[in-house]
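Residue numbering for the sequence shown follows my numbering, beginning at -9 and increasing consecutively. Following: one structure in structure tokens, then a few remarks.
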Amino acid sequence: MIDSETKVVGIIGNPVRHSLSPIMHNRALSHLGLNWVYLSFEVEPARARSAIEGARDLGMVGLNVTMPFKMEAVEWVDIKDGSVILTGSLNTLLFKDSKIMGFNTDGIGFLNSLREKSISLQGRKVLLIGAGGAARAVAFVVAQQEVARLTVLNRTPQKAHRLAQELSSFKPETEINTASYDLGLALVISDSDLIINATSVGMKDHPGIPIPTDDIDQRHIVYDLAYWPLRTELLRDSEERGARVVSGLEMLIHQGAESFRIWTGKEFPLPIVREELTEYLKSIEDRSR
-9 MIDSETKVVG IIGNPVRHSL SPIMHNRALS HLGLNWVYLS FEVEPARARS AIEGARDLGM
51 VGLNVTMPFK MEAVEWVDIK DGSVILTGSL NTLLFKDSKI MGFNTDGIGF LNSLREKSIS
111 LQGRKVLLIG AGGAARAVAF VVAQQEVARL TVLNRTPQKA HRLAQELSSF KPETEINTAS
171 YDLGLALVIS DSDLIINATS VGMKDHPGIP IPTDDIDQRH IVYDLAYWPL RTELLRDSEE
231 RGARVVSGLE MLIHQGAESF RIWTGKEFPL PIVREELTEY LKSIEDRSR
């Protein structure tokens, strides 16, 4: 029951009504018996900063931040975690002692999702598709894992080159390069061990596939950060070709677990939340057929 003692967290973005975060966090809060509630706030871009400051002033514990504010909001926080300084983006805010503290849990969430599945990045040749906020968080954590090579592919080549340059400065001993959609992409795909889609292509509202799958086979691990549908076209095609696939639901859960720990100081009930979200997404997919 919500009462005068209920602590409030939530998510801010635009659009944000599709977000699974309220279902995920409210299930975790309920399971642990905490008198908290997690709410969704869709805010116009021009009002985002004042909304975040208002949330702090109202005594909320914190917020998740999603698109299009993940990079812009970096300038609005008083204290930046190392993950934010490194990636230039954030997804979690903690309000403490009248200060706004910023964190990015995407990278560690991605890494923890691989660790749970006993997938090591060491010595891997990684192809990262995308150069936005989530891609940046993943790129920097991947570069720290002693990979053999990290290749960035993006529809806007300038963004890919800029990210590659930042990564090379951060980790000069690692081979960092870019790929092109126009030249030699099939060879890059064939010569990669892990392929990560960090674009919106393949999500429910952006159907399609970010790369051809002709050269994907049983040697590959394919990770699509999109979580709705549970099996994107990229994952379905890759799995049919023998690749090991990972749904973006895993990163969603693990990055959420880190945000949850920052706010509550408690461990996130991963199996409970995974079951809840999987059943929810399957029910939506069944109704839409």
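Glycine included, each C-beta is placed from N, C-alpha and C at the ideal position.
- Here DSSP, grouped into helix, strand and coil, assigns residue 79 to coil.
- In the three-state scheme derived from DSSP, where H, G and I count as helix and E and B as strand, residue 92 is classed as strand.
- Around the C-beta of residue 25, fewer than 16 other C-beta atoms lie within 10 Å, and the residue is accordingly described as exposed.
- Taking every protein chain shown into account, the CB of residue 138 has fewer than 16 other CB atoms within 10 angstroms, so this residue is exposed.
- Listed in chain order, the non-local C-beta contacts of residue 136 below 6 Å within the same chain comprise 112, local neighbours out to five positions each way being set aside.
- A residue is called buried when at least 16 other Cβ atoms come within 10 angstroms of its Cβ; residue 247 meets this threshold and is buried.
- In this structure, DSSP gives residue 253 a helical state, which the three-state scheme calls helix.
- For residue 72, the closest C-alpha among the options 254, 130 and 44 is that of 130.
- Here residue 161 really is in contact with residue 133; their C-beta atoms are around 4 Å apart, less than 8 Å.
- A contact is defined here as three or more CB-CB pairs under 8 Å, and the segment 10 to 25 fails this definition with respect to the segment 58 to 69.
- Residue 30 carries a strand assignment under DSSP once its states are collapsed to helix, strand and coil.
- When secondary structure is reduced to three states using DSSP, residue 231 falls in the coil class, being assigned neither helix nor strand.
- Residue 76 and residue 172 have their C-alpha atoms some 30 Å from each other.
- Here residue 211 is near residue 234, since their CB atoms are less than 8 Å apart.
- Counting C-beta pairs closer than 8 Å gives three or more between the segment 179 to 199 and the segment 207 to 225, which meets the contact rule.
- By the beta-carbon neighbour count (other beta carbons within 10 angstroms, threshold 16), residue 157 is buried.
- DSSP, reduced to helix, strand and coil, places residue 11 within a helical segment of the structure shown.
- Taken in chain order, the complete alpha helix (DSSP H) segments of 4 or more residues contained in the segment 145 to 177 are 147 to 160.
- Straight-line spacing of the CA atoms in residue 46 and residue 29 works out to 14 Å.
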